[in-house]
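Data first, discussion second: the structure below is written as structure tokens.
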Amino acid sequence: MKVTNEFLIPFLGLKLGKHQFEYQINKAFFDHFEYDEFDSSAIKVNLVLDKQSTMLELNFKHSGTINVPCDVTNEMFDLPIKGKLKLIVRFGEKFNDENEELLILPFGEHQVDVSQYIYEMIVLSIPLKRVSPGAKDKKALEKLNNIEVKDEQEVKEEEIDPRWAALKKLLTDK
23 MKVTNEFLIP FLGLKLGKHQ FEYQINKAFF DHFEYDEFDS SAIKVNLVLD KQSTMLELNF
83 KHSGTINVPC DVTNEMFDLP IKGKLKLIVR FGEKFNDENE ELLILPFGEH QVDVSQYIYE
143 MIVLSIPLKR VSPGAKDKKA LEKLNNIEVK DEQEVKEEEI DPRWAALKKL LTDK
């Protein structure tokens with residue numbers, strides 16, 4: 023992914039305390055990551071950066087919709103998604119992002135790229151099964167229409183094996 027200046031936060035010039043950032047995420051953002059699971063998106067990401075003397079605390083929250091095909095009917099619909107992520111940024115000898123909740127930046131670094139974290143937060147909030155609200159109603163109606171009401175006698179007659187019916191006949195012949 024090509025880093026854009028929009029997602030680079032220069033924390034060196036910021037005062038200690040909380041700072042708020044807001045991003046509008048659309049399909050072009052996901053195209054940079056070569057992610058094409060949906061057609062369009064309208065997602066708002068709020069980021070609160072809490073700068074402290076020895077570390078940074080990043081709190082991400084997102085909400086919005088993505089346009090995906092329904093797994094049941096294959097019709098396109100807007101799926102609402104939301105989620106949050108907390109990230110601690112500390113400083114050390116070398117870069118380390120092995121831990122998903124802790125990022126270690128080398129001493130002397132003056133900015134942090136948040137695009138990868140926004141991408142992962144959004145992608146992980148998308149459910150595996152995507153069913154449109156209309157598909158649930160259609161499915162339930164189809165099941166109700168397919169159910170036939172049978173009399174108790176019909177059910178009992180269908181359940182009796184013909185071999186047992188012959189044996190029962192012997193009992194009633196006495």
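In our numbering, the protein residues as written are 23 to 196. Backbone N, C-alpha and C define an ideal beta-carbon position, used for all residues, glycine too. Source: prediction; values computed, not measured.
Checking the sheet assignment: what are the DSSP bridge partners for residue i?
i      : result
Leu32  : The residue you asked about is not Leu; residue 32 is Pro in the sequence shown. Pro32 pairs with nothing; no bridge assigned.
Pro202 : Not covered by the structure: residue 202. The range shown for the chain is 23 to 196.
Asp72  : Lys40, Glu79
Pro155 : According to DSSP, which records beta bridges pairwise, Pro155 is partnered with nothing at all.
Leu101 : Ile88
Ser63  : Ile88
Asp135 : Leu30
Lys190 : Beta-bridge pairing links Lys190 to no other residue.
Which residues bound the beta strand (DSSP E) around residue i?
i      : result
Asp183 : That residue, Asp183, is in no beta strand (DSSP E); it is neither H nor E in DSSP.
Phe117 : No beta strand (DSSP E) contains Phe117, which DSSP labels as neither H nor E.
Can you check whether the CB of residue j is closer than 8 Å to the CB of residue i?
i      : j      : result
Tyr139 : Phe60  : no
Glu142 : Pro128 : no
Val153 : Asp93  : yes
Ile110 : Leu71  : no
Phe29  : Ser137 : yes
Quick one: residues in its chain with C-beta nearer than 6 Å to the C-beta of residue i, no 5 flanking neighbours on either side, listed in chain order?
i      : result
Met23  : For Met23, the predicted structure reports a pLDDT of 45, less than 50, and the residue's modelled location is therefore unreliable. A value from the coordinates is still provided. Same-chain partners within the cutoff: His54, Phe55.
Asp100 : Thr87, Asn89
Leu69  : Phe43, Phe82
Val25  : Here the model assigns Val25 a pLDDT of 49, short of 50, so the residue's position is not dependable, and the following value carries that caveat. Here the set comprises Asp135.
Lys190 : none
Asn118 : Ile126
His41  : Leu71
List the endpoints of the continuous alpha helix (DSSP H) containing residue i.
i     : result
Lys49 : 49-54
Using a Cβ-Cβ cutoff of less than 8 Å, which residues in the same chain neighbour residue i once the five nearest sequence positions on both sides are dropped?
i      : result
Leu38  : Lys73, Gln74, Ser75
Lys66  : Glu44, Tyr45, Gln46, Ile47, His84, Ser85, Gly86
Leu34  : His132, Gln133
Ser62  : Asn48, Lys49, Ile88, Asn89
Leu192 : none
Near residue i, what residues of its chain come up, given a Cβ to Cβ distance below 7 Å and the 5 sequence neighbours on each side ignored?
i      : result
Leu124 : Ile110, Arg112
Requested in this report: Please confirm if the segment 97-105 is in contact with the segment 128-146, defined as three or more CB-CB distances below 8 Å between the two stretches.
Outcome: Because the criterion of three Cβ pairs below 8 Å is met, the segment 97-105 and the segment 128-146 touch.
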